[in-house]
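Peer 1: Pasting in a structure now, in structure tokens, and then I'll have a few things to ask.
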Amino acid sequence: MTGGASAPLVAVRGLKMHFPIYGGLLRRRVGAVKAVDGIDLEIMAGETLGLVGESGCGKSTVGRAILRLYDITEGSIRIGGTEIGALSQAALRPHRPQMQMVFQDPQASLNPRMTVAAIIGEPLSEHTTLSAGDRTARVHELMDAVGLNRAFAGRYPHEFSGGQRQRIGIARALALNPRFIVCDEPIAALDVSIQAQVVNLLEELQDRLGLTYLFISHDLSMVRHIADRVAVMYLGRIVEIGPRDALYDTPAHPYTQALLSAVPEPDPDQRDGRIVLTGDVPSPAKPPAGCAFVTRCRHAFDRCRSEKPVLQAVAGGHMAACHLLDGTSPTTAGATAASGAPSSIQQGA
Amino acid sequence: MTDATAPRAVAAAAPPATRARGPWRDVWDQFRTHKGALIAGLFLVAITLFAALGPWLWQIDPNALNVRNKDVRPIYTALWDAGAKVSWSHPLGTDQLGRDLLANLIQGGRISLAVGWAAMALSVVLGTLIGVLAGYFKRLDGPLMRFTDLMLALPLLPLLLVMMLLFRDSLRAAFGPETGIFILIVVVIAVTSWMHMARIVRGDVLALKEREFVLAARSIGTPPRRIITRHILPNVLSPIMVSATLGLASAIITESALSFLGLGFPSDFPTWGKLLFDAVDRMADFPERVIWPGLCISLTVLAVNYIGDGLRDALDPRIRGR
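So the protein sequences, as listed, match chains A and B.
Residue numbering for the first sequence follows this note's numbering, starting at 4 and increasing by one per position.
Residue numbering for the second sequence follows this note's numbering, starting at 28 and increasing by one per position.
Have a look at this one:
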């Protein structure tokens, strides 16, 4: 499914999104939450990039910042060759149709006072000059595409199940024939049987319409299923990025290893080597000086506390940001993957 | 679930069964299930017709003085007091100057209802506008809310009096005595009563604009003015409705207070509030002069409250159909 085009559809360089913190008597700016702190991404046309990480690491902020729902602090975002990082919201409006978003909570992302037809038709009335009849026809076409009964066009969101609501959200995102869709945890609020339906729908639409996805999720199994490449985020930075199979089979960063070891394993005999992280994610307002993961890393050494690691190639297209990969450290990356201190192994009972 | 066929796509212009009803039909169906609101609605229509058409049915001049027929008791007093002074030409009695109470109630109703509705509408528009602007645009929030606090901090009655004194004569000169004073009273009541509405609306807008459906609208590229009209306003309708019904009540009562202080309409201009206050002195002897205007005010306010309640339910698709 990986696109053969040479130039990526989406190219993000040095993206930073800092939210100011105001404090004190005069409400002066006293600091910033560095939700996203320097991210580089490339997504090829027709590809799905999975973005994983634990809660609060900045995944959703990345998705929203790429669509310029925020005014970004720094960096460049190119979509389809157009630089949108610095455009004003008004100048951005003509570029909106090519990039759309599917939201996490289908209950919250649909206006409770609008009918399904009005919700799906909103992008059409904003960006096209279709007559009312043509718009209704297009809305019905979209409802067919996502598997909703046309007869439900006059109903309100609360009359639908969670999976159906998410289909409404997907139909709205598809209305303007976008090339790039950010799926912000589209399945997190759905129960498991519906998750599969929605993911299959997304895949089917991708095949049919040649869509490009940024698939944000904390469900590693689902990302493995849908993504072509995967990026792992920790505290506002990408710690590892690479082709799906390479990343899942030979994770290079200690954080990725810990994440993958936590994926539930259906076969009880296979359960072993779970790496348990202790402590919490540091505050993004005061990240550690060196590597962001230093406070929880089993292999941390002096250099990690003082120097930020940069992404470096592990294998073709597979990159990780860890000092262990330099070869100067006592343990090498390969050993890291295999090793596991006995104290941190939890046996599945 | 899907049965997409070419003929159906062509026939899409003919709406499916659920659409044929139209959204307002659903609203009316839900409104009808609220018995209180239905009765209140009928009462409000009745009292509005009573005030609007009354002068044609009851053709006594409310200002006609008739000293010989002063202090006539209502006709029903004869039921328990055979010696009472009653007359079929004045079924609700007359006051100490011989003015007919029924004619005054009709004439007073016209003014009170007109002032109440107009002041309420103006105050709703002002309060919603300021609340939405303050809630949606962060830059305006500080200045607008401090202005609201300022208005709230001002003592209301002295402010009303000063405004009446300052603008009464110029407005009278511009629009004539009746229209001038009507405009003045409506405006004065509205500009002193929008603040609570603005605060409630701002709070709701602040919460709403962080909801994902507003974010979704922004990701589509919907400009702020249409986000406000399409997504924000319909969702703050409930608090607006509630404050509006309370606003109508307080507008009628504020108008009464102004009349009582002699700063409302001229003395030959009856309103429900003024009838009430004129009668307070001799309330013990002639309770009907307080009861009838008082009843008109309270029942109107109650009816509007019930209608607001019913409308709020009927306009919310989540409650509809339960």
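We treat Cβ as the ideally placed atom computed from N, Cα and C, and that holds for glycine.
Keep in mind that this is a model prediction, so the values were computed, not measured.
(1) Going along the segment 105-120 of chain A in order, which residues come within less than 7 angstroms of chain B, judged by CB to CB distance?
(2) Quick one: using the 10 Å Cβ neighbour count with 16 as the cut-off for buried, is A/Ala89 buried or exposed?
(3) Taking its Cβ as the centre, do 16 or more other Cβ atoms sit within 10 Å of A/Arg99, making it buried, or is it exposed?
(4) Is the separation between the beta-carbon of A/Arg232 and that of A/Gly53 shorter than 9 angstroms?
(5) Kindly list the residues whose CB is nearer than 6 angstroms to the CB of B/Gly154, restricted to its own chain and excluding five residues on each side of it in sequence; keep chain order.
(6) Please list, in chain order, all residues of the same chain as A/Leu314 whose beta carbon is under 6 angstroms from its beta carbon, the five residues on each side excluded.
(7) For a contact meaning CB atoms closer than 8 angstroms, what does A/Glu125 contact in chain B?
(8) If you reduce the DSSP assignment to three classes, tell me which class A/Gln315 lands in.
(9) Counting only Cβ-Cβ distances shorter than 8 angstroms, please list the residues of the segment 296-321 of chain A near chain B, keeping chain order.
(10) Are the beta-carbon atoms of A/Glu206 and A/Arg175 separated by less than 9 angstroms?
(11) Could I get the ranges of all uninterrupted beta strand (DSSP E) runs contained in the segment 37-120 of chain B, with 3 residues as the minimum, in chain order?
(12) Kindly list, in the order they appear in chain A, the residues whose Cβ is closer than 9 angstroms to that of B/Thr238.
(13) For B/Leu275, collect the residues of the same chain with a Cβ closer than 6 angstroms to its Cβ; drop the 5 residues on either side in sequence, then sort them by chain order.
(14) How should B/Pro293 be labelled, buried or exposed, when 16 other C-beta atoms within 10 angstroms of its C-beta is the threshold for buried?
(15) What first and last residue would you give for the alpha helix (DSSP H) that runs through B/Phe240?
(16) Closest to B/Ile254 by CA distance: which of B/Pro182, B/Leu129 and B/Leu160 is it?
(17) Kindly list the residues whose CB is nearer than 6 angstroms to the CB of B/Arg199, restricted to its own chain and excluding five residues on each side of it in sequence; keep chain order.
(18) Classify B/Trp319: buried if its beta carbon has 16 or more other beta carbons within 10 angstroms, exposed otherwise.
(19) Are the beta-carbon atoms belonging to A/Val242 and A/Phe296 less than 9 angstroms from one another?
(20) Could you tell me the distance, in whole angstroms, from the CA atom of B/Leu140 to the CA atom of B/Ile279?
(21) Is there contact here, the segment 145-165 of chain A with the segment 77-88 of chain A, by at least three beta-carbon pairs under 8 angstroms?
(22) Using only alpha-carbon positions, find the residue among A/Ser91, A/Gln107, A/Gln110 and A/Ala48 that is nearest to A/Gln101.
(23) For B/Asp176, decide whether its Cβ has a neighbour in chain A, counting only Cβ atoms nearer than 9 angstroms.
(24) Return the Cβ separation of B/Ile133 and B/Phe77 in integer angstroms, given the expectation that the two are a contact with Cβ distance under 8 angstroms.
(25) Of the choices B/Trp55, B/Ser283 and B/Asp295, whose alpha-carbon is the least far from that of B/Val307?
(26) Excluding the 5 residues preceding and the 5 following A/Ser309 in the sequence, name in chain order all residues of the same chain whose CB lies nearer than 6 angstroms to its CB.
(27) Is B/Ile346 helix, strand or coil by DSSP?
(28) The alpha helix (DSSP H) spanning A/Gln169 covers which residue range?
(29) Mind checking whether A/Ile46 and A/Pro97 have CB atoms under 9 angstroms apart?
(30) Give, in chain order, every residue of the segment 49-60 of chain B whose Cβ lies closer than 7 angstroms to some Cβ of chain A.
(31) Select from the segment 156-176 of chain A all residues with a C-beta closer than 8 angstroms to any C-beta belonging to chain B, and list them in chain order.
(32) Run through chain B and tell me which residues come within less than 9 angstroms of A/His130, C-beta to C-beta.
(33) CB B/Ser265 to CB B/Arg339, shorter than 9 angstroms?
(34) Buried or exposed: B/Ala271, going by 16 or more other Cβ atoms within 10 Å of its Cβ?
(35) Quick one: is A/Leu70 near chain B, going by C-beta distance under 9 angstroms?
(36) I need the straight-line Cα distance from A/Cys300 to A/Ala14, nearest angstrom please.
Peer 2: Let's see:
(1) Answer set for the segment 105-120 of chain A: Phe106, Asp108, Ala111, Ser112, Leu113, Asn114, Pro115 and Arg116.
(2) It is exposed - the Cβ of A/Ala89 has fewer than 16 other Cβ atoms within 10 Å.
(3) buried
(4) Taking 9 angstroms as the cut-off, the beta carbon of A/Arg232 is found closer than this to the beta carbon of A/Gly53.
(5) Trp221, Met224 and Ala225
(6) Only Met322 and Ala324 meet the Cβ criterion.
(7) Ala244, Ile247, Thr249 and Arg257
(8) strand
(9) none
(10) no
(11) none
(12) Inspection of the sequence shows that residue 238 of chain B is occupied by Arg rather than by Thr. Chain A residues near B/Arg238: Ala111, Ser112 and Asn114.
(13) Gly143, Met147 and Val331
(14) With fewer than 16 neighbouring CB atoms inside 10 Å of its own CB, B/Pro293 falls in the exposed class.
(15) From DSSP, the alpha helix (DSSP H) with B/Phe240 extends over Glu239 to Ile247.
(16) The shortest C-alpha separation from B/Ile254 is found at B/Leu160.
(17) For B/Arg199, where only same-chain residues beyond five positions count, the Cβ hits under 6 angstroms are Gly207.
(18) With at least 16 other beta carbons inside 10 angstroms of its own, B/Trp319 counts as buried.
(19) yes
(20) 7 angstroms
(21) no
(22) Shortest Cα-Cα distance from A/Gln101 to any of A/Ser91, A/Gln107, A/Gln110 and A/Ala48 involves A/Ala48.
(23) no
(24) 7 angstroms
(25) B/Ser283
(26) Gly293
(27) coil
(28) Gly165 to Leu177
(29) No, these two residues do not count as a Cβ contact at 9 angstroms.
(30) So nothing in the stretch comes that close.
(31) Ala156, Gly157, Arg158, Tyr159, His161, Gly172 and Arg175
(32) Ile247 and Gly248
(33) yes
(34) buried
(35) yes
(36) 30 angstroms
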